[in-house]
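Per the numbering used here, the very first residue in the sequence shown carries number 161; after that it's consecutive. Inspection log for the structure reproduced underneath, given as structure tokens.
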Amino acid sequence: MSDDDLHYRPPATGLDWLAALAPRTLLCVGEPADADLATIAPPGAELRTIDARAWSAVLRRGWYAYRRDGDWHALAVLAGAEPGDPESGRYRFTPDGHLVIARSLHEDQWALARHGSDAPAFAVGDVVRPHAAPGYGRVRQVSPTAHGHRYRIEIDGMLRWYDEAALAAVDGDPADPRFWLTQPPAGAAQLSLTLTWTKLRHPLTDTLYSLAASKTLFRAYQFAPVLKLLSGSSGRLLIADEVGLGKTIEAGLIWSELEQRMPVQRALVVAPAPLTLKWKSEMERRFDRRLRILRPSDLAGCRCR
């Protein structure tokens, strides 16, 4: 072999010339069959693979080799353009650009290539289940990395990345009711995990998260307005109880519940002037809320800000 450090050989040339170079690495452009590994990889060479679709138009089917820092590295192009004549050249003086492209491809993609001929465990469209969270999702993207594959999974309309070890295959389609009829019953721990996750992910409309968050006596009817507001779609409620039944407390309970479910940065209480002190006292004594009574001049200042 000459001192040239870039080589291309068509498939018909055989592999004796490549074995004589004893390359340290072999990047396979395309998917080799398991039975072909022994004939593709020279002895002692580490084998990795990448998808060939992006390179099939610029690389020729056959074998490439290049030398860097005294070591040889090789590419096996299984899916590419038609084979050509054997070529050799120096890195800076190559008659055909595909020699340099092959070297650059190896240098850029080696760290991202898949080890051996390992194919991804899941394909786009497969249904999978994360080990650490309830729910099912579909694979939307597969990305090879130096440490295996990562998958972009769509679960409940949200996309998240998972390592391959964090996912399990699901046999069937969760969108089909028959899928659930074939599943084994859930254990107590799994049921508890699912309920907790559901409460955190989607606040329930029949559960009060602020039930014991006020200094009031428990009177069931005073929580009816809270539940009605949570189950309604307008986000508005008119409380018109009789005098003395606790309309102020009911409003405070609604305030506390909404604050447990979403960030409440500001709240404005509009009340007749004779009732401002009553509201201020009730909110502080029963709900630990210190309200500031605003005068007309204060409201003008708020409007300017």
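All C-beta atoms, glycine included, are put in the ideal place defined by N, C-alpha and C. From a predicted model like this one, the values you see are computed outputs, not experimental measurements.
The C-alpha of Gly257 lies about 14 Å from the C-alpha of Ala241. Its chain contains Leu397, Ile414 as the residues whose beta carbon lies nearer than 7 Å to that of Leu389, once the 5 sequence neighbours on both sides are disregarded; these appear in chain order. Across the set Trp357, Lys375, Arg300, the C-alpha of Lys375 shows the shortest separation from the C-alpha of Ser441. Looking at the DSSP output, Gly285 shares a beta bridge with no other residue. For Gly412, no beta strand (DSSP E) run applies; the uninterrupted alpha helix (DSSP H) run containing it begins and ends at 407-421, by DSSP. Nearest Cα to Pro456 within the set Lys438, Gly332, Arg446, Ala433: Ala433. Under the criterion of beta carbons closer than 8 Å, Val287 and Pro334 qualify as touching, at roughly 7 Å.
Between the beta-carbon of Val237 and that of Leu219 there is about 5 Å, and that keeps the pair under the 8 Å contact cut.
Nearest neighbour of Val284 by Cα position, chosen from Glu267, Ala273, Ile313, Leu272, turns out to be Ile313. The continuous stretches of alpha helix (DSSP H) do not include Thr209, which lies in the beta strand (DSSP E) extending over residues 206-210. Per DSSP, Leu178 lies in no beta strand (DSSP E) segment; the continuous alpha helix (DSSP H) that holds it begins and ends at 176-181. DSSP, reduced to helix, strand and coil, places Tyr322 within a strand of the structure shown.
For Arg449, there is no enclosing beta strand (DSSP E), as DSSP marks it with neither H nor E. Taken through DSSP and simplified to helix, strand or coil, Glu242 comes out as coil. A straight line joining the alpha-carbon of Arg338 with that of Val299 spans about 21 Å.
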